[in-house]
Each structure stands twice: as C-alpha cells, then as structure tokens.
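These notes are about the structure you will find just below.
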Amino acid sequence: MRRPAGREPAPARRAGANLDVLPLLISALALVALLLGGFVVVAPNRLLSGTPLSLWQAAGPGGAASLLAILGVIALLAARPALRFQRVLIGLAAGTLMVLALALAGMTASEQAAAAGRLTRVSLGAGFWTLFVAGLLLLADSAERETHRAGKALPLLATLLGLAALIASGRLAQLSLAREYAVRQQAYLDEMLRHLQLTGSGLALALVAGGAIGLLAYRRPRRAGPVFAALNIVQTIPSLALFALLIGPLTVLTGLFPALRSLGIAGIGPFPAILALGLYGLLPVARGVHAGLSAVPNTVVEAALGMGMTRGQIVRHTLIPLALPTLLQTLRLTLVQLIGLAVLAALIGAGGLGTFIFQGLGQTAADLVLLGALSAIALALIADTALRGLTLFLLRRPQN
Amino acid sequence: MIRFEGVCKSFGGARAVNEVTLDVARGSLCALVGTSGSGKSTLLRLANRLLEADEGSIRFDGADVTNIPPVELRRRMGYVIQSVGLFPHWTVERNVATVPRLLGWSPARIGERVAELLDLVGLPPGRHARRYPDELSGGQQQRVGVARALAGEPELLLMDEPFGAVDPPTRRGLQDSLMAIQKRTGTTILLVTHDVEEAIRLSGTLAVLDQGRLLQTGTPAQVLTQPATDAVARFFGGPLLGLNRLKALRVGDRAQAAASPDEREPIDMDATLEAALARMVAEGCSRLPVRRLADGTRGVLDLADLVRP
Amino acid sequence: MARAVFWTLPIWSGHETAAMRMMSVMRTAGRLARRPVVWVGAVFLALTFGMDGLAPHLGFLFPAGTRLVYTRASFPELVASHALLTGAASLIAIAMGVAAALFATRPAGRAYAATLDRLGALAQTFPPVAVLALAVPSLGYGALPTAFALVLYGVLPVMGAGMAGLSSVPAAVLEAADGSGFSPAGRLWRIEMPLAAPILLAGVRTSVTIGIGTATIGSTVGALTLGSPIIDGLSGDNPAFVLQGTVLVALFAVTVDLAIGEAQRALPQRPN
Numbered sequence: 001m002r003r004p005a006g007r008e009p010a011p012a013r014r015a016g017a018n019l020d021v022l023p024l025l026i027s028a029l030a031l032v033a034l035l036l037g038g039f040v041v042v043a044p045n046r047l048l049s050g051t052p053l054s055l056w057q058a059a060g061p062g063g064a065a066s067l068l069a070i071l072g073v074i075a076l077l078a079a080r081p082a083l084r085f086q087r088v089l090i091g092l093a094a095g096t097l098m099v100l101a102l103a104l105a106g107m108t109a110s111e112q113a114a115a116a117g118r119l120t121r122v123s124l125g126a127g128f129w130t131l132f133v134a135g136l137l138l139l140a141d142s143a144e145r146e147t148h149r150a151g152k153a154l155p156l157l158a159t160l161l162g163l164a165a166l167i168a169s170g171r172l173a174q175l176s177l178a179r180e181y182a183v184r185q186q187a188y189l190d191e192m193l194r195h196l197q198l199t200g201s202g203l204a205l206a207l208v209a210g211g212a213i214g215l216l217a218y219r220r221p222r223r224a225g226p227v228f229a230a231l232n233i234v235q236t237i238p239s240l241a242l243f244a245l246l247i248g249p250l251t252v253l254t255g256l257f258p259a260l261r262s263l264g265i266a267g268i269g270p271f272p273a274i275l276a277l278g279l280y281g282l283l284p285v286a287r288g289v290h291a292g293l294s295a296v297p298n299t300v301v302e303a304a305l306g307m308g309m310t311r312g313q314i315v316r317h318t319l320i321p322l323a324l325p326t327l328l329q330t331l332r333l334t335l336v337q338l339i340g341l342a343v344l345a346a347l348i349g350a351g352g353l354g355t356f357i358f359q360g361l362g363q364t365a366a367d368l369v370l371l372g373a374l375s376a377i378a379l380a381l382i383a384d385t386a387l388r389g390l391t392l393f394l395l396r397r398p399q400n
Numbered sequence: 401m402i403r404f405e406g407v408c409k410s411f412g413g414a415r416a417v418n419e420v421t422l423d424v425a426r427g428s429l430c431a432l433v434g435t436s437g438s439g440k441s442t443l444l445r446l447a448n449r450l451l452e453a454d455e456g457s458i459r460f461d462g463a464d465v466t467n468i469p470p471v472e473l474r475r476r477m478g479y480v481i482q483s484v485g486l487f488p489h490w491t492v493e494r495n496v497a498t499v500p501r502l503l504g505w506s507p508a509r510i511g512e513r514v515a516e517l518l519d520l521v522g523l524p525p526g527r528h529a530r531r532y533p534d535e536l537s538g539g540q541q542q543r544v545g546v547a548r549a550l551a552g553e554p555e556l557l558l559m560d561e562p563f564g565a566v567d568p569p570t571r572r573g574l575q576d577s578l579m580a581i582q583k584r585t586g587t588t589i590l591l592v593t594h595d596v597e598e599a600i601r602l603s604g605t606l607a608v609l610d611q612g613r614l615l616q617t618g619t620p621a622q623v624l625t626q627p628a629t630d631a632v633a634r635f636f637g638g639p640l641l642g643l644n645r646l647k648a649l650r651v652g653d654r655a656q657a658a659a660s661p662d663e664r665e666p667i668d669m670d671a672t673l674e675a676a677l678a679r680m681v682a683e684g685c686s687r688l689p690v691r692r693l694a695d696g697t698r699g700v701l702d703l704a705d706l707v708r709p
Numbered sequence: 710m711a712r713a714v715f716w717t718l719p720i721w722s723g724h725e726t727a728a729m730r731m732m733s734v735m736r737t738a739g740r741l742a743r744r745p746v747v748w749v750g751a752v753f754l755a756l757t758f759g760m761d762g763l764a765p766h767l768g769f770l771f772p773a774g775t776r777l778v779y780t781r782a783s784f785p786e787l788v789a790s791h792a793l794l795t796g797a798a799s800l801i802a803i804a805m806g807v808a809a810a811l812f813a814t815r816p817a818g819r820a821y822a823a824t825l826d827r828l829g830a831l832a833q834t835f836p837p838v839a840v841l842a843l844a845v846p847s848l849g850y851g852a853l854p855t856a857f858a859l860v861l862y863g864v865l866p867v868m869g870a871g872m873a874g875l876s877s878v879p880a881a882v883l884e885a886a887d888g889s890g891f892s893p894a895g896r897l898w899r900i901e902m903p904l905a906a907p908i909l910l911a912g913v914r915t916s917v918t919i920g921i922g923t924a925t926i927g928s929t930v931g932a933l934t935l936g937s938p939i940i941d942g943l944s945g946d947n948p949a950f951v952l953q954g955t956v957l958v959a960l961f962a963v964t965v966d967l968a969i970g971e972a973q974r975a976l977p978q979r980p981n
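Residue numbers (this note's numbering), protein chains in the order written: chain A, 1 to 400; chain B, 401 to 709; chain C, 710 to 981.
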C-alpha cells in the first residue's frame with residue numbers, strides 16, 4: 001500500500017528494536033492462548049456444550065512439544081532480520097504450524113470417536129483458533145513484506161497444498177466440522193455454487209451499471225456530485241434492509257404482471273438478492289472507475305492527442321493502462337464485499353452459504369454455523385488473494 | 401512549411417489569437433514569444449488542430465490543415481510540451497516508439513530509429529532504453545520527450561515551453577542539444593517560450609505576440625535593434641534592452657580589420673557580443689583580437705564597436 | 710429566502726416589528742428546512758412514534774390475514790435499543806481507532822503503521838455476518854456478539870482515516886510548528902488534529918454507517934434492533950413487519966449519515 005509522500009522516512013530503529021516485533025508478538029499471543037484456552041472441545045453430542053481439552057491433554061506431549069517448537073522457531077527467525085529468506089522461512093513455519101495444529105486436532109477427534117462412540121463431537125477450541133489465526137496473520141505478514149514474487153507465493157501455496165493434502169487424507173473426518181459437512185455434502189456443494197452465482201451475477205450487474213455511471217461522471221464532471229450523492233444514500237441503507245426492501249415492490253410488481261414470474265422475477269429468491277448485491281456494488285464500482293480515470297494526468301492525454309492517437313488508441317494505450325491499478329483494486333474490494341453480503345441472501349430465500357449459518361443459528365449448532373461462516377471467510381480470502389496476485393502480475397514491470 | 405493567414409481564435413468572447421499572419425520557412429526555427437496570455441500557446445495548438453481556428457487559414461506544406469484528418473496531421477508533426485507527458489507505464493524505448501508504432505513501421509526499423517534518436521538526444525540506449533520515466537531526472541525526461549516527438553520523422557516540430565520546468569544549467573544543455581539536432585536533421589521547429597534568453601539563443605526568427613496580436617517578426621538582431629513598438633521593447637528588457645541586444649548580435653557583425661597584430665587568444669566570429677563584453681570586463685581591456693574576418697584578414701573588436709547603434 | 714418573503718409579507722404587512730421578527734424566524738426555519746437532514750429526520754421520528762398507530766391501516770398493502778402490528782417490542786424501544794448498541798460500540802470503536810491512528814503516526818509507532826494498515830485490510834475481507842456468527846459460540850446470543858462485531862468493524866475505517874488524515878499534514882507545516890516552539894502535545898492538538906479532522910470525520914461517518922448496518926444484522930443472533938421486525942417478518946412470512954423495519958432502519962441510517970455530513974460541513978473549510 002502506498003503511503004502519502006511528504007514525510008521524512010521512518011528513522012532507523014534503535015538497536016534492540018532491531019528485531020521484527022510483529023511475528024514475536026503474534027507467536028507470544030498464540031502461546032498464551034494455547035496454554036490458557038482449550039485446544040479442542042469434546043461434547044457428548046451435536047447440540048450439547050462440551051468440555052475443553054488442553055493441548056497437552058489432546059495432542060499428548062509429543063504433539064504439544066512440536067507445536068511449541070515451531071513457535072520457538074518463528075521467534076528465532078523473527079530475531080534474525082539479516083537472515084536470507086527470513087520472510088519466506090517465517091511464512092513456511094507459520095504454514096507448518098497451521099497444518100500441524102489441524103492434523104493434531106483431527107487425530108484427537110479420531111481417538112475420541114473411537115473411545116467414546118459416534119455421538120461424541122470434537123470441535124475446535126479457542127486455543128486452536130487463536131493458533132490458526134496467528135498462523136494466518138504471520139503468513140499474510142510475510143507475504144506482504146517479502147519483495148520477491150516467488151517468495152510471496154511460495155509459503156501461501158505450500159500451506160494451501162498442505163491443508164488440501166490433510167483434508168484429502170481423511171484424517172480430519174471425525175472433527176465435528178467435517179461431520180457437519182459430510183452429512184450434507186451435496187447441499188454444501190449446491191449452496192457454494194449458488195453463492196458463487198449470486199456473487200457473480202451481482203458483480204456483473206454492478207460492473208456494467210456502476211462502470212457506466214463512473215464513465216458518465218468522468219465525462220461530465222458537473223454531474224458527478226449529485227450522482228455520487230444519490231449512490232451514497234443507497235450505500236447508507238443497511239444491507240439487510242436493502243435485501244428486504246426489494247421484497248415489497250417486487251411482490252406488488254409480480255402481482256400486477258404475473259408474466260414477470262416466468263422470467264424468474266419474484267419478491268423472494270435469487271432475483272431480489274442479485275438486484276440488492278448489484279445495487280450495493282454500484283457506488284464502489286462507479287467511484288473506482290471515476291477515480292481511476294480522473295487520476296490519469298491531463299498532460300499524458302494531451303501528449304497522446306498531440307502524438308496523433310485516435311480516441312480509441314488513447315483509451316486503449318493510456319486511459320485503461322493508467323487507470324488499471326485503481327480499477328483492479330475496485331474489482332477486488334467490490335468482489336470481496338459482495339461475497340460477504342451474499343451471505344444475507346439466504347434470509348430472503350435465495351440460498352448460498354448463509355443457509356448453513358442461519359440454520360445453525362436456529363438449531364444452536366455451532367459447528368454448522370462454523371461451516372457456513374468459515375466457507376464464506378475462506379471464499380473472501382481466496383478471492384482477495386487471487387485478485388492481489390492478478391494485480392501484481394498485470395502491473396509487473398519487466399526488468400531487463 | 402507552415403503558414404498562418406489572418407488566423408483568429410476566441411474563447412468565450414475573448415480573442416486569444418487575433419488576425420495573425422506568419423510564415424515559417426522550411427528548416428528554420430521560429431520562436432513565438434510573449435507574456436503569458438499573449439496567445440502564443442493557442443497559436444501553436446491551432447497548428448496541429450488540438451484547437452480549431454475560428455477565422456483565417458493555416459497551410460501546412462501547401463495544404464489547408466482543415467483538409468488533413470487531425471490524427472494524420474499530428475503524426476506528421478512532433479509535439480513537445482513543458483510537462484513532457486511521457487506515458488508513465490511505458491519504458492523510454494516504448495515511449496519513443498509511440499508514433500512509429502502508430503504509423504505501422506516494421507519492428508526492425510522502429511528499433512533502429514529509437515536507438516538513433518536516443519543517441520541523438522544524448523541518452524545512450526544501452527543504459528536508458530529499458531528504464532521507466534519515473535526513473536529519470538527532469539532533464540532526461542524532456543530529452544526523451546524530444547526524441548519521442550522526432551521519432552516519426554516529422555516535417556515540423558511543435559514545442560510548447562519545452563524547457564520551462566528544468567533548472568538553468570540543464571536548460572542550456574537541452575538548448576545546445578536541440579540546436580545540434582536541428583542542424584543535423586533540418587527539421588522545421590515552431591517553439592513557444594517566454595524565456596527571452598532562450599528565444600534569442602535558439603531562434604532564426606522571432607515572432608512577438610501580445611494580447612493575441614503579432615507585433616513583430618524578424619531575426620533576433622533585427623527585433624532587438626529595431627523593436628517595432630514599446631511593447632516589444634518592454635518584453636525584451638525595457639531599460640535593459642541594450643544588454644539583451646548584446647546576446648543577439650555576433651562578434652562578426654561588428655569586428656573590423658586589425659591595424660596591428662595582437663598576441664592574445666582571439667575570440668570567435670560567431671561568439672555573442674555579450675561574451676566579448678564579458679571577456680573585456682574580465683581582462684580589464686577595451687579591445688579584443690578576432691580570429692578571422694570574412695575577407696580572411698585578422699580582426700579586432702573595440703568597445704566602441706560594441707556600443708555603436 | 711425569497712420564499713420566506715413571499716409567504717410573510719402579505720400577512721404581516723400591518724405589524725412592522727412583528728413582521729420583521731417573524732421573517733427572521735421564518736428565514737432561519739427556511740434555511741433549516743432546506744437541509745435534508747431535518748426533514749428526513751422528521752419523517753424518521755414521526756414514523757418511529759406513529760408506526761404502531763399507522764400499522765393497522767396498512768392492511769390493503771398486504772395479503773389478507775397478515776398481522777400488522779409488531780408486538781415483540783414497540784418501535785421507539787427498537788430504535789432506542791438500536792441507537793444505544795450502535796452508539797456505545799461506535800464510541801468505543803472511535804476511541805480505539807483514533808488511539809491506533811495516533812500511535813501509528815508518532816515516532817515510536819511509525820514502524821507499525823504498515824502492519825496496522827495490513828491488518829485492517831485483512832480484517833475487512835471477513836464478512837460481517839460470518840464474524841457475528843463466529844462470535845456466538847464464545848459470547849452467546851444477543852447484544853454481546855453484535856457489539857463485538859460492531860467494534861471490530863467500526864475501528865477499521867476510523868483507524869484508516871485517522872492515519873490518512875494525520876499523515877496528510879504536510880511535513881513543512883510540522884516543521885514550522887516545531888520551529889515555532891510547540892510541544893509535541895500542543896502540536897498534535899492545535900495543528901495536526903484540526904488539519905486531520907475532515908478526513909477523520911469522514912472515517913467516523915463510514916464507521917457509524919457500517920455500525921448501523923451491522924447492528925441490523927445483529928438481530929439474526931438475537932440482538933434487539935430495528936432488524937428484529939425484518940428477521941421476524943422474513944422467517945414468519947409477514948411482509949408488514951419486513952416493510953416497517955426496513956423503512957425505519959433505512960431512514961435511521963440516512964438521518965445519522967446526513968447529520969454527520971452536517972457536522973463535516975460545519976468544520977472550518979481549508980483551501981486545497
């Protein structure tokens with residue numbers, strides 16, 4: 001992220017502060033959480049609350065020692081800023097930490113299921129989650145600060161690969177989360193697909209309409225103010241209200257013109273959900289397009305004109321490439337926002353990953369909530385990372 | 401090469417260019433000078449149809465510019481502006497190659513042309529071709545801007561205060577390069593500047609504008625020795641006009657045949673009178689030996705020659 | 710202004726002083742009435758207190774047999790609960806966000822500015838509903854997980870805007886302030902904060918808007934807010950409740966947004 005210029009550079013850090021504080025802080029936090037919080041929670045069945053097991057009790061001395069050892073390695077690496085590949089190594093260690101923690105939790109679940117029967121549920125505890133999120137933060141931090149492109153991607157890919165291999169091996173099958181998934185595998189895939197469809201359609205709507213509005217605001221600067229003020233009001237309306245707001249008018253509309261129903265237009269279901277998502281994406285897209293185009297220096301456009309470029313060539317060779325960073329950022333932020341908002345679509349009968357969250361909340365089945373929520377988070381993170389990667393790729397400068 | 405005839409241009413009722421008639425000969429460098437708001441930039445932008453004239457005609461190489469499609473017209477003219485306007489997302493090489501690519505030259509020919517031009521403007525391609533504009537100094541950027549404008553082998557180069565944004569020593573370097581380039585390529589140049597010294601130094605013809613009207617045209621020597629109006633005199637220094645005149649005149653204009661030999665290092669014929677005066681002040685003398693006159697005799701320049709009208 | 714004159718003159722022409730006084734009152738009122746926040750807010754308040762009386766007459770809009778009056782709580786109660794939840798969480802979020810921004814722009818904390826930026830960006834990718842739902846297992850149902858999510862989401866825009874605002878103060882201004890003998894605290898309070906205020910307030914506006922929206926979703930985990938009639942209406946197939954909740958919460962959000970907008974306009978403008 002670019003910081004505004006005009007500040008003197010941060011003064012060289014004093015000796016002693018010369019080590020990387022953030023990884024140290026995060027690993028210390030993870031350590032405290034591991035020692036205080038339960039690593040896993042064992043419950044007699046799906047709906048009853050359970051008792052926490054500490055890392056020591058759950059994973060045994062060997063497991064506990066290996067996790068603590070990795071935390072120690074991260075702390076050691078963080079204290080050696082001069083080390084080559086320091087960031088990559090921290091990232092790899094963080095990934096190992098995440099994969100190993102999950103593997104240990106899965107093994108505990110299998111043991112408990114074997115000992116106490118099929119009804120027993122083993123959920124991931126606060127200690128585990130703190131450790132896992134700490135790993136995620138370390139991974140993100142190392143990827144962000146590493147300057148080499150391959151070095152940025154390597155720990156991330158290795159971790160994803162490790163997690164995928166772990167899931168594929170079936171060692172996690174007895175975790176409560178996995179069992180919630182297992183009993184509704186087909187429904188999960190359907191809702192995931194539905195979630196992607198809703199997000200994709202809403203995004204497409206926002207890109208087309210918002211892009212047109214942004215372009216208009218750029219071409220006619222005097223209209224930009226009122227247009228953005230109006231869009232801002234839409235953005236101000238709480239998301240839940242926006243979803244629900246469309247139910248009434250659409251119900252009335254389809255009541256008056258039943259033919260619309262055959263087109264898939266209805267007060268409840270995917271149509272109003274997509275419309276609401278599109279409306280929500282309107283302002284960020286329009287503002288991004290406007291800002292991106294406005295940021296192209298006038299002098300560059302004038303030089304292009306003076307050089308004898310046609311209108312199309314100016315758009316293709318100067319406006320779009322120079323607005324590209326802002327446009328890509330807009331795409332990323334809008335997509336991530338819509339993935340999150342699409343969770344609400346389940347409330348108006350449009351399905352998506354929110355289905356599991358709201359079902360779980362209704363049944364007080366925490367792991368079902370978790371299944372939906374984690375999937376939505378994972379989807380948002382993957383979209384964010386993928387688009388960041390794409391941005392880096394598209395904006396790279398070939399060095400000679 | 402380019403001829404303005406009775407050209408007018410108004411913005412919202414105000415005449416920015418008022419009945420200007422000006423002929424720029426092929427291969428010459430004509431400087432449009434005047435205070436800001438005098439209409440000189442507007443006149444320049446009428447030439448490549450970034451603006452369209454309200455009245456009058458502009459003929460480029462004999463043809464009325466309104467009969468040439470703007471895009472084609474602009475590709476036949478180079479264009480350099482003060483803020484350079486290099487494309488920040490392209491390398492130096494790609495920037496220079498802009499017009500040749502638009503003209504559809506072969507890659508081999510483009511490569512050759514780019515290398516040749518970068519050499520011409522004093523940026524060895526080996527070191528600079530692959531760099532991006534933000535990795536260059538202001539002076540280097542402007543050199544790339546000039547190279548880019550020359551790339552399509554334009555018949556006419558339009559320059560709008562090209563060196564206004566760089567510091568004085570760099571500006572002099574760029575001016576020297578421009579003179580060398582013009583000597584080599586013979587390109588006709590129409591240059592807008594408000595820098596009196598730059599105009600005198602570079603131009604073969606000065607065209608002085610004030611409030612949209614063309615007040616006077618002529619060589620720097622003519623304009624400075626016989627300013628047509630008070631406004632022209634004011635622009636070229638008012639009470640200090642005489643000092644600027646020394647910049648426009650050459651030693652050869654005033655030197656006389658030498659009566660007696662002088663052992664000191666002689667001054668060149670095409671040095672400015674200003675340089676001669678500077679040497680007299682520095683050496684505490686009032687006459688200088690001159691290398692050779694047109695008739696082959698040795699010459700001499702006296703302080704009295706310098707100040708005579 | 711012209712409208713006020715048009716209205717008052719024919720009526721009050723006989724009583725000069727009263728007419729003048731009335732005109733100035735009308736003028737002020739006219740100026741106020743031209744601000745959208747006043748009439749949007751008025752409609753919001755009228756509906757808040759009038760909804761229970763209005764609701765029984767809305768039967769014609771909905772299928773026959775629809776229950777029209779929301780009984781779980783009165784609308785003033787819902788508004789108060791929603792406002793309290795959002796207000797408290799926003800205050801905490803603003804305090805935390807400003808503190809973080811201050812820390813990240815002081816010499817001691819500047820090294821962490823990029824990290825805070827990054828954490829903020831990462832946290833923003835988490836869907837609010839997902840975070841709300843994840844908070845339930847550890848915090849239970851009700852206002853608590855909602856407040857947690859509210860604070861979490863409220864901090865980010867304030868922190869971002871605070872950092873942007875404080876680092877937008879030109880280095881030359883800071884140098885001049887130091888040169889004029891300001892203490893670090895004095896410089897912060899008299900120079901940096903006023904200059905950063907417009908950007909900071911924009912962040913607060915975003916933060917509060919997000920807060921009102923997230924609080925609405927909070928009713929899915931049992932918090933009592935204006936989202937409650939929407940959720941109850943959606944799950945009980947009652948479009949009347951959905952409409953009532955939706956209209957009120959939308960008006961609420963727009964009113965608050967406009968009110969903060971007025972505060973932004975009231976700040977002294979600085980050229981650039």
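We put the CB at the ideal spot given by N, CA and C, even for glycine.
C:THR915 and A:VAL336: beta carbons closer than 9 Å? Not closer than 9 Å, so no.
Applying a beta-carbon distance threshold of less than 9 Å, which residues of chain A neighbour B:THR588? For B:THR588, no chain A residue has a C-beta closer than 9 Å to its own C-beta; the minimum C-beta separation is roughly 16 Å.
Is the CB of A:PRO297 under 9 Å away from at least one CB in chain B? Cβ-Cβ to chain B under 9 Å: yes for A:PRO297.
Are the CB atoms of C:GLY920 and C:GLY829 nearer to each other than 9 Å? No, Cβ-Cβ distance for C:GLY920 and C:GLY829 is not below 9 Å.
C-alpha gap between B:ASP534 and B:VAL492, whole angstroms: When the Cα atoms are used, B:ASP534 and B:VAL492 turn out to be separated by approximately 10 Å.
For the segment 514-559 of chain B, which segments carrying the beta strand (DSSP E) assignment without a break, of at least 3 residues, lie completely within its bounds, in sequence order? Look at the segment 514-559 of chain B and you find no whole run of beta strand (DSSP E) that is 3 residues long or longer.
The segment 747-778 of chain C: which residues have C-beta closer than 7 Å to a C-beta of chain A, in chain order? Hits within the stretch: zero.
Apply the 10 Å Cβ neighbour rule to B:LEU630 and answer buried if 16 or more other Cβ atoms are within range, or exposed otherwise. Before going on, a small fix: residue 630 of chain B reads as Asp here, not Leu. If you draw a 10 Å sphere on the C-beta of B:ASP630, you find fewer than 16 other C-beta atoms in it, and that means exposed.
Return the chain-ordered list of same chain residues with a C-beta closer than 8 Å to the C-beta of A:GLY154, the five sequence neighbours on each side being excluded. One detail in the question is off: residue 154 of chain A reads as Leu in this sequence, not Gly. So the qualifying residues of the chain are VAL88, GLY91 and LEU92.
Bounding residues of the alpha helix (DSSP H) (the contiguous stretch that carries A:GLU302): Membership of A:GLU302 in the alpha helix (DSSP H) is indicated by the continuous run 298-306.
So B:VAL499 contacts chain A; which residues on that side make the cut at Cβ distance below 8 Å? Taking the beta carbon of B:VAL499 as reference, the chain A residues within 8 Å of it are MET307 and GLY308, listed in sequence order.
Cβ of A:ARG219 within 9 Å of any chain B Cβ: No, its Cβ sits nowhere closer than 9 Å to a Cβ of chain B.
Spatial neighbours of C:VAL958 within its chain, please: CB distance less than 6 Å, with the 5 preceding and 5 following residues excluded, ordered by chain position. Taken in chain order, the residues that qualify are THR925 and LEU935.
So, helix, strand or coil for C:PRO846, using DSSP? Judged by DSSP in its simplified three-state form, C:PRO846 adopts helix.
Cβ-Cβ distance between A:PRO244 and A:LEU172 below 9 Å: Before going further, note that residue 244 of chain A is Ala rather than Pro in the sequence given. No, the pair does not count as a contact, with Cβ atoms beyond the cut-off.
Is there contact here, the segment 561-580 of chain B with the segment 533-552 of chain B, by at least three beta-carbon pairs under 8 Å? Segments in contact, yes.
Pair every Cβ in the segment 867-877 of chain C with every Cβ in the segment 899-913 of chain C, then say whether three or more of these pairs are closer than 8 Å. They touch, by the three-pair rule.
Taking buried to mean at least 16 other C-beta atoms within 10 Å of its own C-beta, is B:LEU558 buried or exposed? By the C-beta density criterion, B:LEU558 is buried, having at least 16 other C-beta atoms within 10 angstroms.
Rounded to whole angstroms, what is the Cα-Cα separation between B:LYS343 and B:THR587? Any answer about residue 343 of chain B is impossible in this case: the structure gives chain B only from 401 up to 709.
Kindly indicate the opening and closing residues of the alpha helix (DSSP H) around B:ASP595. From DSSP, B:ASP595 is part of no alpha helix (DSSP H); its letter is neither H nor E.
For A:ILE237, does the three-state DSSP call read helix, strand or coil? In the three-state scheme derived from DSSP, where H, G and I count as helix and E and B as strand, A:ILE237 is classed as coil.
Would you mind telling me which residues of chain A sit closer than 9 Å to B:SER686, beta carbon to beta carbon, in chain order? Those within 9 Å of B:SER686 in chain A number zero; the least Cβ separation is about 50 Å.
Are the C-beta of B:ARG548 and some C-beta of chain A separated by less than 9 Å? For B:ARG548, the nearest CB of chain A lies under 9 Å from its own CB, placing it at the interface with that chain.
Three CB pairs or more closer than 8 Å across the segment 300-313 of chain A and the segment 149-166 of chain A: Counting Cβ pairs under 8 Å, fewer than three are found: no touch.
Applying the criterion that 16 or more other CB atoms from any shown protein chain within 10 Å of the CB defines a buried residue, is C:LEU843 buried or exposed? Classification for C:LEU843: buried.
Compare the C-beta of B:VAL484 with all C-beta atoms of chain A and state if any pair is closer than 9 Å. Closer than 9 Å: yes.
Kindly list the residues whose CB is nearer than 7 Å to the CB of A:ILE26, restricted to its own chain and excluding five residues on each side of it in sequence; keep chain order. Within the same chain, A:ILE26 has close Cβ partners ALA134, LEU137 and LEU138.
If I follow the unbroken alpha helix (DSSP H) through C:PHE868, where does it start and stop? The sequence given here places Met at residue 868 of chain C; Phe does not occur at that position. 852-876 is the extent of the alpha helix (DSSP H) around C:MET868.
A:SER54 versus A:GLU180: straight-line alpha-carbon distance, rounded: So the alpha carbons of these two residues sit roughly 23 Å apart.
Start-to-end residues for the beta strand (DSSP E) that takes in A:TYR280: That residue, A:TYR280, is in no beta strand (DSSP E); its alpha helix (DSSP H) goes 270-294.
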